Every structure is written in structure tokens, then in C-alpha cells.
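Comments concern the structure below.
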Amino acid sequence: MGGCEGPLSTLDPAGPSAEAIADLWWVMAAGSVVLLVPVLGLIALTFVRPGAVGRIGGKAWLVGGGLVLPGVVLSALIAFTFLTGERLLARPGEPAVVEVRAVARQWEWRFGPMDGPLEAGVLTIPAGQPAHVHVTSEDVIHSFWVPRLAGKMDAIPGQVNVLRILAPAPGVYEGVCAEFCGVGHAHMPFVVEAVEAGAAGGVP
Amino acid sequence: MTLRSFPTLLLAGFVVWSSSLVVLYALSSLGCARGWPDDTLAGLDLLTAVLGAAWVAHVALFLPIGIALARLRRRWTRSEFASVAMANALALAATIWTGLPVLAGLSCA
Amino acid sequence: MREPERPSSPVALHKQLSAIWGTAPGLGRLSAVNHTVVGRRFIVTAIAFFGFGGLLAMVIRAQLATPAGAFLGPGVYSQVFTVHGTVMMFLFAIPMLEGWAMYLLPKMLGARDMAFPRLSAYGYWCYLFGGSLIVLSLAFGVAPDGGWFMYTPLTSQPYSPGINADIWLLGITFVEISAISAAVEILVTVLKLRSPGMALHRMPIFGWYMLVTAGMILVGFPPLILGSILLEVERAFGWPFFDPERGGHPLLWQHLFWIFGHPEVYIIFIPAAGLLSTMIPVLSRHPLVGYAWVVGSLVALGFLSFGLWVHHMFTVGIPLVSLGYFSAASMLVTVPQAVQIFSWLSTMGSGRPRLDTPMLYILGFFFVFIVGGLTGIMVASVPFDWQAHDSHFIVAHLHYVLIGGFVFPILAAAYFWLPHFTGRAAIHGLGKTAFWLIFLGMNATFLGMHLTGLRGMPRRVYTYADGYGWTDLNLVSSIGGFVMTMGFAIVAVDLLLQPRLGRRIRRDPWGAETLEWATATPPPSYGLASIPAIESRAPLTGRPDLGARIAAGEGYLGFTRNGWPETIAVDLVSGAPEQVVILPRPTYLPLASAAVTGSFFLATLFKLYWLVPLALAATAAILLAWTRSTGSAKDHGLLAVGHGIELPPHWESDRPPSWYAMAFLLAANAALFGSLVFGHFFLWFVSPGAEADLVPPAGYTLLVLLAGGALLASAAGRIAVGRVRARGRPGPWLLLAVAGHAAAAASGAVLFAVMPDPGAAAIPAVAAALVAYATAHAGVGLLLATYAVRRARMGRVSARRTADLMVPSLWHDYTAATSLFVALVLAGSSAVLVP
Chain A
91 MGGCEGPLST
101 LDPAGPSAEA
111 IADLWWVMAA
121 GSVVLLVPVL
131 GLIALTFVRP
141 GAVGRIGGKA
151 WLVGGGLVLP
161 GVVLSALIAF
171 TFLTGERLLA
181 RPGEPAVVEV
191 RAVARQWEWR
201 FGPMDGPLEA
211 GVLTIPAGQP
221 AHVHVTSEDV
231 IHSFWVPRLA
241 GKMDAIPGQV
251 NVLRILAPAP
261 GVYEGVCAEF
271 CGVGHAHMPF
281 VVEAVEAGAA
291 GGVP
Chain B
4 MTLRSFPTLL
14 LAGFVVWSSS
24 LVVLYALSSL
34 GCARGWPDDT
44 LAGLDLLTAV
54 LGAAWVAHVA
64 LFLPIGIALA
74 RLRRRWTRSE
84 FASVAMANAL
94 ALAATIWTGL
104 PVLAGLSCA
Chain C
7 MREPERPSSP
17 VALHKQLSAI
27 WGTAPGLGRL
37 SAVNHTVVGR
47 RFIVTAIAFF
57 GFGGLLAMVI
67 RAQLATPAGA
77 FLGPGVYSQV
87 FTVHGTVMMF
97 LFAIPMLEGW
107 AMYLLPKMLG
117 ARDMAFPRLS
127 AYGYWCYLFG
137 GSLIVLSLAF
147 GVAPDGGWFM
157 YTPLTSQPYS
167 PGINADIWLL
177 GITFVEISAI
187 SAAVEILVTV
197 LKLRSPGMAL
207 HRMPIFGWYM
217 LVTAGMILVG
227 FPPLILGSIL
237 LEVERAFGWP
247 FFDPERGGHP
257 LLWQHLFWIF
267 GHPEVYIIFI
277 PAAGLLSTMI
287 PVLSRHPLVG
297 YAWVVGSLVA
307 LGFLSFGLWV
317 HHMFTVGIPL
327 VSLGYFSAAS
337 MLVTVPQAVQ
347 IFSWLSTMGS
357 GRPRLDTPML
367 YILGFFFVFI
377 VGGLTGIMVA
387 SVPFDWQAHD
397 SHFIVAHLHY
407 VLIGGFVFPI
417 LAAAYFWLPH
427 FTGRAAIHGL
437 GKTAFWLIFL
447 GMNATFLGMH
457 LTGLRGMPRR
467 VYTYADGYGW
477 TDLNLVSSIG
487 GFVMTMGFAI
497 VAVDLLLQPR
507 LGRRIRRDPW
517 GAETLEWATA
527 TPPPSYGLAS
537 IPAIESRAPL
547 TGRPDLGARI
557 AAGEGYLGFT
567 RNGWPETIAV
577 DLVSGAPEQV
587 VILPRPTYLP
597 LASAAVTGSF
607 FLATLFKLYW
617 LVPLALAATA
627 AILLAWTRST
637 GSAKDHGLLA
647 VGHGIELPPH
657 WESDRPPSWY
667 AMAFLLAANA
677 ALFGSLVFGH
687 FFLWFVSPGA
697 EADLVPPAGY
707 TLLVLLAGGA
717 LLASAAGRIA
727 VGRVRARGRP
737 GPWLLLAVAG
747 HAAAAASGAV
757 LFAVMPDPGA
767 AAIPAVAAAL
777 VAYATAHAGV
787 GLLLATYAVR
797 RARMGRVSAR
807 RTADLMVPSL
817 WHDYTAATSL
827 FVALVLAGSS
837 AVLVP
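Note that the protein sequences, when read in sequence, are chains A, B and C.
When you line the first sequence up against the working numbering, it's residues 91 to 294, in that order.
When you line the second sequence up against the working numbering, it's residues 4 to 112, in that order.
When you line the third sequence up against the working numbering, it's residues 7 to 841, in that order.
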């Protein structure tokens, strides 16, 4: 899709999570236009043809536009939301998962295996295999965000949150800190490097 | 407290809804932290059973509200009755709607 | 009592009323308490803060116009965006709506002033002083810099050691005094100070909107006030409520902030919607379609908006099932909004809408607000929010909601009611040009910004690199921002010129429905020269002579008596006349009180802790001084109000307005207490292995004394009221109430001293906060009980005049209930809940 690509673009997804959410966005965006245009048309009509809108009856508009319309739209949306949400979760005990940790501090990200040393700036994962990123912080709140792979997860001191990411193809995916964390907030970039499983320097 | 005065009945339904949200949220936090999904009760996992019971109990509270409304219908002007009925109907819908995550069996992760 | 002699002519009545209600010129203006004057001040001051916040927005857009912008460094940029958000939310939007409510409500409801005019003035000065503190801090380069939602631990002492965060916490709390006092006033005014015959369902729809808003402020602001107090105590004394290393939790702040922060958005929108519901029927020449449905939807909106707070926290690692409730509620809130929008649409469709300047802004509202609402539904969807959260998508969304939902309606209202403020018509052309600049500039700034966010630009970055697809979008946003600013500048010019150059207008130029247009324009200090009986929702419709008849004194109270500023209070549902409320005259006390209150905040800010108790004592003393002129030393019996009706003065009624005010204040207080109890259980829940012995062995006796003393005071206070009603002597019972509170306060203080060190861990800290809360309430109870004794000795109390005993008695009851709860929670937490 034109105008959507970019190294940090959520609309240029490179993994199933980001893809599901991008699909959700396109559905909602189209739905919004479908809702917005007729309402604006009705408003215009009240000026162009005074009384025409009112002929249908005041209560009918309240029931139809106020209750039925949102009822139908929201029921569909909430079902879609719950299904997508469930699909993207990191579930404990998922088979063939790589467990890694991401530790934030002012103002850098460090990554590594669960009980191994941490390395700054680069998170290496095997391509084609889901990874659970255990995100936490050593000082203030930060947020781990690799838009082309998945949604964000906050790094909160005293708490470990788990985010599931999956990059089907090898490559380098950019990430940023999404939660304001002080004067260095704009300068906390990192990358997720997805490598062929078993490649040199790969993950355990 | 009796369900008779106009201000009380105007707010009654949404007080029930507020309680349902707080109770469901608190029980979910507690249950997810204590591993309730792994236990069972009456054929369901413990978390779903407890949340479901709390949800049904709140929905049931709309019965006395409905009865009070039906009784007072004559005593109020149409406009007064319409606003109270509207508020409580929305509250009932909201109480059912807010419990949908329980019905959908969303996870603790 | 016989009716006083009526003045000979409308002019004579006007002169008599003006002498009573008017504000002195010159320095005397500082003593103003009148709702028209104070309302106007709120509006003008809010416009000034809006201008300042707008300039900061321009600074932000200048910095972001190009990649690697070299205009600002990250430190200054943080201050600028924090103050921009803070000013717009706390110093522009909320005070603006308070100003409109104060100016319009009494006139619409048929009252001559708000229920507590001195409280209006006190709120205004608190707002002005607190707001100035925040603006000045930017000039000195020490402005808050943690973002407008001030997340801990970034704003905790180790990461923000300077005074910056303290300025936010204390300045905003100071300003919030005005929000709470406005809420209490609005509630009592709408519920009690209406025209005879104005049943709740004959009330102008704006009254309902303000009723719901005020109720929301009452419950919504206290959690933030509590959060600010806890964070300030953590910063100043090291009590670790939010410090994860000592058992606290950063998410406690987020919960407290957003329980306030989400309703806040609706608190801003609902009054604006109320203005729309008032204007649209008039401009469409058709009554509002579905009045009762709108009322029902408003109640729904008021409650539902409290059930959304966690949708600001979808990425903090809360279980999906819990997020589900808030996702569902966030979508559901669309329903009452849709009812509202279709009610307006249907009203326009049933009438013949005219495309005047106000209508142009209303159309702008429809487009911008609906777009903001649609993106709002999007971010209510949990997975989408995981991507959109904290990106520029959210920045775009919130500006669509707030500019659409507040700025456009307020501009429409400005052009609609300006003739009422000034008695002159707007200068046509200027307002329309301004509209197109604001509308096109607004959309140019923020429409593309959705895409900027989806392309991954986080919010609150002071710089960005080229090559991410953000460069062109940001440049367009910046240009749009400057176009929008030009539009606002033209509005400002229009507002300045119109009072001088505008054409004079006749009364009620729009053919409106509501009573505010029955006053002369610009309105006299007393508003309505007499108070009309109300038989319909649109009292002006079909009665073009109503204004003249009111001015001629044909309604109730079309005369003056004893130099009293009088208005009528009614039964809160039926609108049957109930009492004559005698309001206070202009006084410098509100200004002096706000200054003394300010000394408390400044002493805390500059860590002059020796001064704090003095400032608190002075504040209590000066607030008690307000009561010197209230009440009466003798029974007056029934007073004639005209048309053969006689009513008691408010001090001789069963439930005077002050009783309602205390009840509502305690409701706000209960919301604060509830937040503290929530904090206790939250911290207990997240810190397993917390220490067990919160209460030392000797402490149990003290807990019993604390609760017992308060219960004693409560019982004694109630008995005293009963005794005096039965014409008995309340003296001994009043003294017993004093003794009860004294015992409770003393044992609370001792308990506080012997409890485990609150600096050691979060659970002892929150336990100490609970004890401090109960002790402080016993302390205030002691003050109020002593006040009751004094008033009884002064002869201000009789079998009919019981307010001076009833109002403190309410406080005693509340203190007893909360103290008992504190004792049970602490004892229970220590004994039972040990993990």
C-alpha cells in the first residue's frame, strides 16, 4: 500500500502480530468512512431540504442512529477485538518458544538470554520461531516497541511483562522507546535482528 | 433504602453497573494472580465460574429495579418516566455487555 | 410577615436591586462575588491561559517542523509540552466551563446568583494563583517536565530531584480547589435555586448537563488530589507509595491518575454538549428532540466514563480478561454519545436550521468530533491500541476530541451569547473568516498526524531523523498549526472590537427559549428583577413580553427587604417553592482566604515546613471567619415573596443550602477516602510478604479510642440537634461532641507516632496515611464541634435555626464512619490478611 512503508511503520508489517493489527486498522478505517459519510450527508440534508430528515420521526432517529447502529457495529468490533487479542498473547508454556529478556534504563535497551549476559542495542532472535520477550526496567517506565513486528509493551520497574514477537523472515527490524522517559527519550533506538535458526552467532 | 424517589431510581441501574465493573475487575486480578484458571468448580474453570456468578448476580439486581419502575409508571410524568427507563435500560445493557469478556473466556496472559 | 412595599416603577426597582447586588468600582472589584462578574472573570482568564497554551503549541510545532530541529533542547522541550498539556486541561478547559456555568446557570434557572457566591470568588482566586504559579515556573525554567500525566517513577524524587514536579503537584491541587468548590456550588444551585414551578423535567437542558458534570467532578477529581498528595509526600518525606524497591508500585499512580483523567475528558465535553443542546434548538427553530432520552443518556455517560480508565493502560501488562471489561465499556460509551448526536441531527432535521456564525462552528464541531469519536472507538480495541498507544496517532485523536468536543462548541457559544455579555452584535465576517482558518488549520494539523503515528512516530520526542516517512507529514502539521493560530487571533480581535464597535441589539436576538434572555443585555448585577413562575421548558416561547414583566417586578420577590440579596429555593424534584435564600454581599474575604491558602502551598513548595502548621491554622481561621455574617440572631418567621406565598428564610428551613453543600463536600471526601482504601488494597495485593504487624500491641487500644471518640462525637452531635428542635438545651451534648473528637484526635496522633516507620515500606506508609486521614478528620471535627458550641452561645441557634448544629453533625457522622472503617481495615489487615 503506497505511503505506508517505513522502518517503523505499523502499516508495513513484517510479522503476524503486526499484520493482524494492520488488518484490524484497515477494517476499522474503512468502517469509519462508511459511518462518517452518511452522517455528514444527513447534516447537509437538514440545510438543503429543511424538514426532510424530520419527516421520518424524531424517535426513529434516536432508536436507529443512537441504539441500533452502534449496537450492531460495536458487537462486530468487540468480537473481532477479543479474537485478535487472544491470538496475539504470549502464553506460558507455548512450545518451541525462545525466551529472551529486554531490560531498559535511562537511556538504553539491553537484551540477552534469560540467565545470560545483556548486550546493548541489539536483540537477536531466530527467524520463523516465536520469541517471548520478558520486558522490564531498572529505573523509570519505558516501552518496548518494534512496530513492524508487534504492538508495544511497557517496561516497568519491579514488574516483568511478556510480549510475543515473531519475525518469519530474517532481517533487521527497528525499535524505539514509546513511553516518555526523560530527556533521552528520543535517543533510545534498538533493533531486533532475526537470523536463520542455527546461523553463526545465533541464539541458543 | 427503598427504590421510590426519582433521583434514586435515576441512578440505581448505573450504581449496579459500577459495582459489576469493580467486582469483575477485582476478581479477575485476584484470580489471575492466584492461578484460578487451573482449578475447576462445577465443570468450569474456577475463574470463569466465579466471574460468571458475580456477573449473573449483578444482572439479577435489575429485577427489583424493573419491578419498581413498573409500579411507579403512573405516578410520574411521561418525560420523567422516559428518562428513568432510558437510564436503567442502558445500565442493564451495559451490565450485560461489560461481562462479555467472561463469556468469551478471555485469558489471564 | 407582610410583603414589603413595592417600588413605584421598574426603574426604581432596578435602582434598589442594584444597590444591594452591585459590586463597588475601583479596588472594590476585588471584593466581587457576583456570578456575572466572577463567571466573566473565569472565562477571560481561561482565554488568557488558552493563548499561552497555544503559544507553547506553536513552539512545539516549530521544533517538529523539520527533522533534527535545532530550536529547542530536550530539557526545555519537555517543559514546554508538559505545560502545554497542563495549561489546556487544567487552566483552560475546566475553568472555562466553570465560567460558563456560573454566568449562565442562575439566569437560566431563574435565580439571582449561585448558591454560594463567596465560594465562586474563592475558587476563582485559587485558580488564578495556582495557574500563575505554573506559568511563572516556565519563565524561571523550572516548569514541570514529566508530561501532563506525571508518571512515576520519572516524577519521583530520584529521577526528578528539582522543584519542577512539586510545582505541578501543588499548583494543580491548588487549582483543583476551584473545581471542587464549583462542583458543590453547581449541584446545590441546580438542585435548589430554581424558579418556582421549575420541576427537574422543566429545567433547561443545560441544567441537566451541568448537574451530571458537577457530580462527575465531585467523584472524579479527588483520586487525582489523593494521588498528588501521596506523590508529594513520597517526594518530600520518602514514604514509598510508588517505589518498587520498597514495596510500592508505579501503576498505583497510573490508576489514580486515570480514574481522574478519563472522566476529565467527559467533564470537559459534557458542558460543551450542554451549550450545543441549548443552541441547536434555537438556531434550528425546533425544540430539542428526545429531551428525556438525552437526560437518560447523560446519566449513562456520567457513569460509563468512569469505567474506561484502564484503556489508558492497555500496555502495562494487565491480564487480557481484565482489559476486556474496559475495552467493552470504552466501546459502549459510544451509545449515549450516538443518542446525543442523533438528537441534535433530528432537531435540525425537524426544524429550519439557519447558517449563522454559531451554526458554522457547530457544523465544524460535528465533523471534528465525530472523527475524534471514531478514532476513539479504534483505540478502545485492545490490539490496535497496542500499536497506537503513545504514538502520534493518540496525539491526533485527543486533539480531535478536545478541539472538536470543546473548542468548537465554546466558539459557537461565544458567538451565540456574546450579545448577551455585551448587548451588541458580533462583527459579521470576522467570525466566519476565523472559522475557516481554524477548521482547515485544525484538520491540516491533525488529520495527517494519525498517519505519522501509524508510521511509528512516538509522542513526546523532541527530534526525529529523516527517512521514516514522517518529514512531510510533520511539515504539513506545523503549517496547519500556524493557520489555526491565525484563526484564533482573528477571534481574539473580534472579541476585543465587538464590545466597542458592534451594533446595539434588542433583547433576545435569536428568539431563544430560556430565561437568561429575559434579562436586560448586558445583564444587571441581580440578573432577574423578579422571579417568574415557570410552567414549561421554554418559558420565553410565545411570551415576548416576559422580560418586561419580570423587569416590572411582576414575578416573585419584585421588591427589596432589609437590604438583603434574596432569591428563592425550591423542592429539588417538584420545584415547589420552599425557602427564601439570603445571599452574602461583596467581601474581600474570598481573596484573603485564597491568599492564605496559597501560603500553605508555597510553604510546602519551598519546604518551609515550620510554616505549614501556621498556614493551615490561618486558613482554618479565615474560613471560619466567613460565618460571622451568616445566619441570624433571631427567628424571622415566614417571609412574603409575592402572589400570596410565604416562605421561611433559609436559616429557618429544615434543609438549608449549606446542608446540601456539606453533604456534597463529604461525597467528594468519600471519593478521596475510597481512593486511599483502594491504594491500601492495591499495594497489599502487589507486595506479597508485606510486614504483618502494622499495628503495635498497644495500638489496638488506640484504634478503639480513635473510632470510639468519633462515634461518640457523632452520637452527641445528633442528640444535640434533636434536643434543640424539642426546645431543649443542647449545651452538654455539644461539649460531649468536642470531647469525643479531642479524644479521637489525640489517640490518632499517638498511634501515628508509634506505628512502624512509614519510610521503610509501602504498606506501613499507606497505613500511616489512613491513620493521618482519620486524625485530621477528628481535628477538623474538633474545630466544627467547638464552632457549634460558640454559635449556640451567641444565640444563633434556636428550635427553628438548627443549621449551625446540623452541618457539623454531618461531618461528625462522616468522621465516625471513616474512622471506624480505618480501624477495621488496619486491625483486619494486621490480623487476618497476613499472606
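We put the CB at the ideal spot given by N, CA and C, even for glycine.
Because the structure is a prediction, the values reported are computed rather than measured.
*Over the uninterrupted alpha helix (DSSP H) stretch that includes residue 85/C, give me the two end residues.*
It spans 80-92 - the alpha helix (DSSP H) in which residue 85/C sits, taken as one unbroken run.
*C-beta contact flag for residue 847/C and residue 8/C at 8 Å*: There is no way to answer for residue 847/C, as the model of chain C reaches only from 7 to 841.
*With a 10 Å radius around its C-beta and 16 neighbouring C-beta atoms as the bar for buried, classify residue 800/C as buried or exposed.*
By the 10 Å Cβ count, residue 800/C comes out exposed.
_Exposed unless 16 or more other CB atoms sit within 10 angstroms - verdict on residue 472/C_ = Counting Cβ neighbours within 10 Å, residue 472/C comes out exposed, since fewer than 16 surround it.
*Which residue's Cα is closest to the Cα of residue 244/C: 819/C, 829/C, 770/C, 804/C?*
The shortest Cα separation from residue 244/C among 819/C, 829/C, 770/C, 804/C belongs to 770/C.
*Please report how far the alpha carbon of residue 339/C lies from the alpha carbon of residue 381/C, in whole angstroms.*
Put simply, the backbone Cα of residue 339/C is about 13 Å away from that of residue 381/C.
*DSSP state of residue 227/A mapped onto helix, strand, coil*: Under the three-state reduction of DSSP output, residue 227/A falls in the strand class.
*Per DSSP, residue 532/C forms a beta bridge with which residues?*
Per DSSP, none; premise fails for residue 532/C.
_Residue-level contact to chain C via CB, residue 106/A, 8 Å cutoff_ = No, its Cβ sits nowhere closer than 8 Å to a Cβ of chain C.
_Strictly under 8 Å for the Cβ-Cβ distance: is residue 201/A near chain B by that measure?_
At a cut-off of 8 Å between beta carbons, residue 201/A makes no contact with chain B.
*Is it true that the CB of residue 55/C sits closer than 8 Å to the CB of residue 97/C?*
Going by C-beta atoms, residue 97/C is nearer than 8 Å to residue 55/C.
*When Cβ atoms are compared, which residues of the segment 243-256 of chain A fall closer than 7 Å to chain D?*
Protein chains in the displayed structure are A, B and C, and chain D is not among them.
*In terms of residues, what are the limits of the alpha helix (DSSP H) holding residue 480/C?*
477-507 is the extent of the alpha helix (DSSP H) around residue 480/C.
*residue 181/A and residue 112/B: beta carbons closer than 8 Å?*
Yes.
_Considering just the uninterrupted stretch of the beta strand (DSSP E) at residue 201/A, what are its terminal residues?_
For residue 201/A, the enclosing beta strand (DSSP E) begins and ends at 198-203.
*asked:* I want to see whether chain B comes within less than 8 Å of residue 181/A, judged by CB atoms only; does it?
replied: Yes, residue 181/A counts as interfacial toward chain B.
*Identity of the residue in 218/A, 217/A, 193/A, 197/A nearest residue 206/A by Cα*: Of the residues 218/A, 217/A, 193/A, 197/A, the one whose Cα lies closest to the Cα of residue 206/A is 193/A.
*Taking only beta-carbon positions, decide if residue 1/B is within less than 8 Å of chain C.*
What the structure shows of chain B is the stretch from 4 to 112, and residue 1/B is not part of that stretch, so it cannot be assessed.
*Distance between beta carbons of residue 302/C and residue 86/B, contact taken as under 8 Å*: Sure, about 5 Å apart at Cβ, within 8 Å.
_Counting only beta-carbon separations shorter than 8 Å, does residue 475/C have a partner in chain A?_
Answer yes: the Cβ-Cβ gap between residue 475/C and chain A drops below 8 Å somewhere.
*Determine, using beta carbons only, whether residue 463/C and residue 483/C come nearer to each other than 8 Å.*
Residue 483/C is positioned such that its CB atom lies no closer than 8 Å to that of residue 463/C.
_For the pair the segment 341-353 of chain C and the segment 241-261 of chain C, tell me if three or more CB-CB distances fall below 8 Å._
Contact fails between the segment 341-353 of chain C and the segment 241-261 of chain C, because fewer than three Cβ pairs, one in each stretch, are under 8 Å apart.
*Identity of the residue in 82/B, 75/B, 74/B, 50/B nearest residue 31/B by Cα*: The shortest C-alpha separation from residue 31/B is found at 50/B.
*Classify residue 107/A as helix, strand or coil using the three-state DSSP reduction.*
The three-state secondary structure of residue 107/A, taken from DSSP, is helix.
*Sequence-distant residues of the same chain with beta carbon closer than 6 Å to residue 178/A, five excluded per side*: For residue 178/A, the CB contacts under 6 Å within the same chain, skipping 5 residues up- and downstream, are 107 in chain order.
_If distances are taken between C-alpha atoms only, which option among 477/C, 788/C, 610/C, 486/C comes closest to residue 74/C?_
Distance from the Cα of residue 74/C is smallest, within the candidate group 477/C, 788/C, 610/C, 486/C, for 477/C.
_Bounding residues of the beta strand (DSSP E) (the contiguous stretch that carries residue 267/A)_ = For residue 267/A, the enclosing beta strand (DSSP E) begins and ends at 261-267.
*Consider the Cβ of residue 280/A: report whether some Cβ of chain C lies at a distance smaller than 8 Å.*
The beta carbon of residue 280/A does not come within 8 Å of any beta carbon belonging to chain C, so the residue lies off that interface.
_Less than 8 Å between CB atoms is the rule here; does residue 222/A satisfy it with respect to chain C?_
With a threshold of 8 Å between beta carbons, residue 222/A makes no contact with chain C.
*asked:* Taking only three categories from DSSP, how would you classify residue 251/A?
replied: Note: residue 251/A maps to strand in three-state DSSP.
*Check each candidate in 792/C, 687/C, 652/C and name the one with the smallest Cα separation from residue 627/C.*
For the set 792/C, 687/C, 652/C, the Cα lying nearest the Cα of residue 627/C is the one of 792/C.
*How about the segment 156-163 of chain C and the segment 628-647 of chain C: do they share at least three Cβ pairs that are nearer than 8 Å?*
No, they do not touch.
*Considering only residues of the segment 372-398 of chain C, which uninterrupted alpha helix (DSSP H) runs meet the minimum length of 4 residues and lie entirely inside it, listed in chain order?*
Counting only runs of 4 or more, we get 388-394.
*How would you list, in chain order, the residues of chain A whose beta-carbon sits under 9 Å from the beta-carbon of residue 69/C?*
Within 9 Å of the CB of residue 69/C, no CB atom of chain A is found; the nearest one sits about 11 Å away.
*Where does residue 607/C sit, in a helix, a strand or coil, going by DSSP?*
Of the three classes helix, strand and coil, the one that applies to residue 607/C here is helix, per DSSP.
_For residue 795/C and residue 728/C, I'd like the C-alpha separation in whole angstroms._
So the two alpha carbons sit approximately 15 Å from each other.
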